[in-house]
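Participant: Numbering (our numbering), first residue to last: 5 to 285. Positions of the beta carbon are idealized from the N, C-alpha and C atoms, including for glycine. This is the structure I have questions about; it appears just below.
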């Protein structure tokens, strides 16, 4: 899933009251088609002929849930909209849950802190750059350029260049974008040094207007005075493979296993930070 990748890739590159209406999802669960999305992300600031893959994931839509698996992280995120929550299964049989309300509360606190910083006087160049970066994230404004098979969103600090494709009739493209919204919000909770979700929500809204799915997404701009250029590539399948169903069975079994150690979301966040620090040594 693009949003998870961009958030984690940016976090690696960087030293840095919503009412949810789910009736459309609920009504479609019984008839929703399955969907699989395989995503890779590359860092194109790496000027080699074939930049290495930063991350890859398999995202499976089935029976009203979404399973988002990142093998290199050893993490499965299960989106459960009927229960208004995410379940996250990390490595070493560590698990956590976070509700939509908890995510919104965390985002609200982050926005309040950003507004406090923006309300202060920016007396030097460094603080002015920080203020500009915060405005770009918390109040993004894009000029939108749409063509038959592409969308470009140009902002002051970030630009999204998206190639798009139409989905088969009655495919679950709206559910893909619904999940992309929540994945962007969740990733800011898990990785606070990533981008605030509002810019990604603008991308999803632009895709909704043209009723199309992203095929490639280039994110360019500057982050902490460094060039940013990430490319996500998506491959869609409109039915699940047998191996996908095996994965889902394994993840459901793992979720229900007695030896999973369930921790609070803040403890899981701390574990992510500790694991990242250890891997950087």
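(1) For residue 102 and residue 218, what's the separation of their Cα atoms in angstroms?
(2) I'd like to know if the region 135-151 and the region 161-171 are in contact, where contact means that at least 3 CB-CB pairs between them fall below 8 Å.
(3) With distance defined between alpha-carbon atoms, name the residue in 200, 76, 215 and 192 nearest to residue 179.
(4) What does DSSP give as the partner residue(s) for residue 47 in the beta ladder?
(5) Hey, residue 222 and residue 239: beta-carbon distance below 9 Å or not?
(6) Are residue 186 and residue 85 close, meaning C-beta to C-beta below 9 Å?
(7) From the DSSP secondary-structure annotation, give me the bridge partner or partners of residue 154.
(8) Hey, residue 255 and residue 73: beta-carbon distance below 9 Å or not?
(9) Tell me residue 89's beta-bridge partners as DSSP assigns them.
(10) Taking its Cβ as the centre, do 16 or more other Cβ atoms sit within 10 Å of residue 97, making it buried, or is it exposed?
(11) Taking Cβ positions, are residue 242 and residue 39 nearer each other than 9 Å?
(12) With DSSP as the reference, label residue 33 as helix, strand or coil.
(13) Helix, strand or coil for residue 180 per DSSP?
(14) Are residue 212 and residue 201 close, meaning C-beta to C-beta below 9 Å?
(15) Comparing C-alpha positions only, which one of 62, 78 and 77 sits nearest to residue 2?
(16) Where do the ends of the beta strand (DSSP E) carrying residue 57 lie?
(17) Tell me whether the beta-carbon of residue 48 lies closer than 9 Å to the beta-carbon of residue 233.
(18) Between residue 94 and residue 275, which are expected to be in contact by the criterion C-beta below 8 Å, what is the C-beta distance as a whole number of angstroms?
(19) Which residue or residues does DSSP assign as beta-bridge partners of residue 72?
(20) Could you work out which residue in 258, 262 and 157 is closest to residue 210 when comparing CA atoms only?
(21) Can you give me the Cβ contacts of residue 259 inside the same chain, cut-off strictly under 8 Å, excluding the 5 residues immediately before and after it?
(22) Do residue 87 and residue 76 have their CB atoms nearer than 9 Å?
(23) Could you tell me how far apart the beta carbons of residue 220 and residue 237 are, in whole angstroms, since I believe they sit closer than 8 Å?
(24) Please classify residue 278 as buried or exposed, where buried requires at least 16 neighbouring CB atoms within 10 angstroms.
(25) Does the Cβ-Cβ distance between residue 182 and residue 169 come in under 9 Å?
(26) Output the distance between the C-alpha atoms of residue 147 and residue 166, rounded to the nearest integer angstrom.
(27) Just the Cα atoms here: how many angstroms apart are residue 122 and residue 226?
(28) Assuming residue 111 contacts residue 192 (C-beta within less than 8 Å), just tell me the rounded distance between them.
(29) Measure the CB-CB distance between residue 58 and residue 252 and report whether it falls below 9 Å.
Facilitator: Put simply:
(1) Approximately 27 Å, taken between the alpha carbons.
(2) These segments touch.
(3) It is 215.
(4) Residue 47 pairs with 234.
(5) Taking a C-beta distance under 9 Å as the contact criterion, residue 222 and residue 239 do not qualify as a contact pair.
(6) The answer is yes: Cβ separation under 9 Å.
(7) Listed as beta-bridge partners of residue 154 by DSSP are 151 and 167.
(8) Contact flag set, yes.
(9) DSSP, once it has assigned bridges, lists 84 and 103 as partnering residue 89.
(10) The residue is exposed, with fewer than 16 neighbouring Cβ atoms inside 10 Å.
(11) Residue 39 sits close to residue 242, with the two beta carbons spaced by under 9 Å.
(12) The predicted model places residue 33 with a pLDDT of 42, which falls under 50 and marks its position as unreliable; any figure quoted below should be read in that light. Looking at residue 33 - three-state DSSP - the assignment turns out to be coil, as it is neither helix nor strand.
(13) DSSP places residue 180 in helix when its eight states are reduced to three.
(14) No, they are not a contact pair.
(15) Nothing about residue 2 can be reported from this structure: the residues present for the chain run from 5 to 285 only.
(16) Here the beta strand (DSSP E) through residue 57 covers 57-66.
(17) Going by C-beta atoms, residue 48 is nearer than 9 Å to residue 233.
(18) That pair is a contact at about 7 Å.
(19) Among the bridge pairs identified by DSSP, residue 72 is matched with 63 and 81.
(20) Among 258, 262 and 157, the Cα nearest to that of residue 210 is on 157.
(21) Same-chain partners within the cutoff: 82, 91, 93 and 99.
(22) No, the Cβ-Cβ distance between residue 87 and residue 76 is not below 9 Å.
(23) Cβ atoms of residue 220 and residue 237 come within 8 Å of each other, at about 5 Å.
(24) Label assigned to residue 278: exposed.
(25) No, they are not a contact pair.
(26) Using only the alpha carbons, I get a separation of about 14 Å.
(27) Going by C-alpha positions, residue 122 is about 19 Å away from residue 226.
(28) Yes, residue 111 and residue 192 are in contact; Cβ-Cβ is about 7 Å, under 8 Å.
(29) For the 9 Å CB-CB criterion, residue 58 and residue 252 do not form a contact.
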